[in-house]
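Novice:
In UniProt numbering, the protein residues as written are 1 to 357.
1) Could you tell me which of 36, 114, 59, 61 sits nearest to residue 49, measuring between CA atoms?
2) Using the C-alpha atoms, what's the distance from residue 199 back to residue 292?
3) What beta strand (DSSP E) runs, 3 residues minimum, are completely inside the stretch 164 to 195?
4) Taking only three categories from DSSP, how would you classify residue 83?
5) For residue 101, which option in 90, 63, 128, 85 has the closest C-alpha, if you only look at C-alpha atoms?
6) Restricting to Cα atoms, I'd like to know which of 150, 322, 118, 134 is closest to residue 33.
7) Could you name the residues of the same chain whose beta carbon sits closer than 6 Å to that of residue 121, not counting the 5 residues immediately before and after it, in chain order?
8) Among 38, 334, 286, 328, which one has its Cα closest to the Cα of residue 197?
9) So the alpha helix (DSSP H) residue 132 belongs to, where does it begin and stop?
10) Hey, would you say residue 297 sits closer than 8 Å to residue 239, going by beta carbons?
11) When burial is assigned at 16 or more other CB atoms within 10 Å of the CB, is residue 129 buried or exposed?
12) In whole angstroms, what separates the C-alpha of residue 78 from that of residue 156?
13) Tell me, which residues are paired with residue 359 by DSSP?
14) Does DSSP classify residue 357 as helix, strand or coil?
15) Using 8 Å as the cut-off, can you tell me whether the stretch 199 to 217 makes contact with the stretch 329 to 336, which would need three or more C-beta pairs spanning the two stretches below that distance?
16) Go ahead and pull the three-state DSSP assignment for residue 24.
17) Between the Cα of residue 230 and the Cα atoms of 170, 189, 322, 67, which residue gives the shortest distance?
18) Does the contact criterion of 3 or more C-beta pairs under 8 Å hold for the stretch 258 to 277 versus the stretch 320 to 332?
19) Check each candidate in 317, 329, 259, 241 and name the one with the smallest Cα separation from residue 307.
20) For residue 233, write down the residues that DSSP places opposite it in a beta bridge.
21) Going by DSSP, what residue range makes up the beta strand (DSSP E) through residue 200?
22) Residue 186 to residue 111, Cα distance in whole Å?
23) What residue does the beta strand (DSSP E) around residue 144 start on, and which one ends it?
24) Helix, strand or coil for residue 254? Go by DSSP, reduced to three states.
25) How about residue 113 and residue 146: are their beta carbons less than 8 Å apart?
26) Taking only the alpha-carbon atoms, compute the straight-line gap between residue 248 and residue 160 and give it to the nearest angstrom.
27) Around the C-beta of residue 38, are 16 or more other C-beta atoms found within 10 angstroms, so that it is buried, or is it exposed?
28) Could you check how far apart the C-beta atoms of residue 51 and residue 107 are, in whole angstroms? I think they sit under 8 Å.
29) Per the DSSP calculation, residue 349 is bridged to which residue(s)?
30) Quick check: what's the CA-CA separation for residue 309 versus residue 169?
31) For residue 410 and residue 70, I'd like the C-alpha separation in whole angstroms.
32) Count the other C-beta atoms from every protein chain shown that fall within 10 angstroms of the C-beta of residue 104, then say buried if there are 16 or more, exposed otherwise.
33) Do you know offhand how far residue 220's Cα is from residue 179's?
34) Quick one: is residue 95 buried, meaning 16 or more other Cβ sit within 10 Å of its Cβ, or exposed?
35) Once the 5 residues before and after residue 228 are set aside, which same chain residues still bring their CB inside 8 Å of it?
36) Can you tell me whether residue 255 is buried or exposed, with buried defined as 16 or more other CB within 10 angstroms of its CB?
Next up, the structure:
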């Protein structure tokens, strides 16, 4: 090789295509514009995204921030070559964590890292992110696309999301008056959401099924498509219920760790959640996972949402009013149990009945 050739390397020779990145930005601009809302009306491409809290209608806000990823659910998207829904998952995992604190999601930023940038694949992912933002009512005000050859193999990529919301001072959740006898309502999930997918993939390998095979638990869908059903975004129904009833005391997003890890996070130390497992409408995917993998009910409950993606705590006299608002917004509301006294050092969740796997 000549000295000229040795010294004439370019970024493209190293595996990074700036033109592909610019092409992707142009492809996603319409999707980003579709997420505009009061407080955010800028264009992507600057060094930072702007948001005007006063234009969003807040007077004395407290900001709430959350970040998350999609986990190994991405591996199914990559292997099944189905990329247009994982962006919804990315947004959902962040904004559902904001609304449980009573905050309205305001804006979102994403980080997309890949070994070799495919502008069409990247655009499909960002279109999903924009759809999630529209469902949550927040603006996609920026993001980062990183092409890193040598860090990610083949078509692998990773996603991270960052969301900021706000609530007026004094209106954050949980409130301080959760009491013995308060009722627990559950909102049904859309499926596995975005947790436990390392176990899901292990069970699929045991089943010997491929991503293009028919899903045993979902008529008319392929296995990969069915497992990639996006995480439900509960933001708009919950914000309406919070504002119209003023009766929601606490919310818990059921993510990794299931019921036993997530519900106690919003409870005082002297109370436990008594959950009636018989009342949980177990989604067919969980029955299939449990049966195929031989997974015990206790392990299912600490790994998956099992059919309930969000927990709502209300005083007994307000349960119907909250249920009515959530039902009108399209949520399926399930009476799950009640608050009971917790002995010192006792578990934060107590189970009654049997999970219908």
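C-beta: ideal position from N, C-alpha, C; glycine also. Owing to the predicted nature of the structure, the values given are computational and were not obtained by experimental measurement.
Specialist: Put simply:
1) 36
2) 11 Å
3) 183 to 188
4) coil
5) 63
6) 134
7) 83
8) 286
9) 119 to 136
10) no
11) buried
12) 7 Å
13) The structure shown does not extend to residue 359, since the chain is modelled only from 1 through 357, so no value can be given for it.
14) coil
15) no
16) helix
17) 189
18) no
19) 259
20) Residue 233 is not bridged to any residue.
21) Not the beta strand (DSSP E): residue 200 falls in the alpha helix (DSSP H), residues 197 to 207.
22) 32 Å
23) 139 to 147
24) coil
25) yes
26) 30 Å
27) exposed
28) 5 Å
29) 273
30) 27 Å
31) Absent from the structure is residue 410, since the part of the chain shown begins at 1 and ends at 357.
32) buried
33) 46 Å
34) buried
35) 73, 76, 77, 80, 82, 85, 86
36) buried
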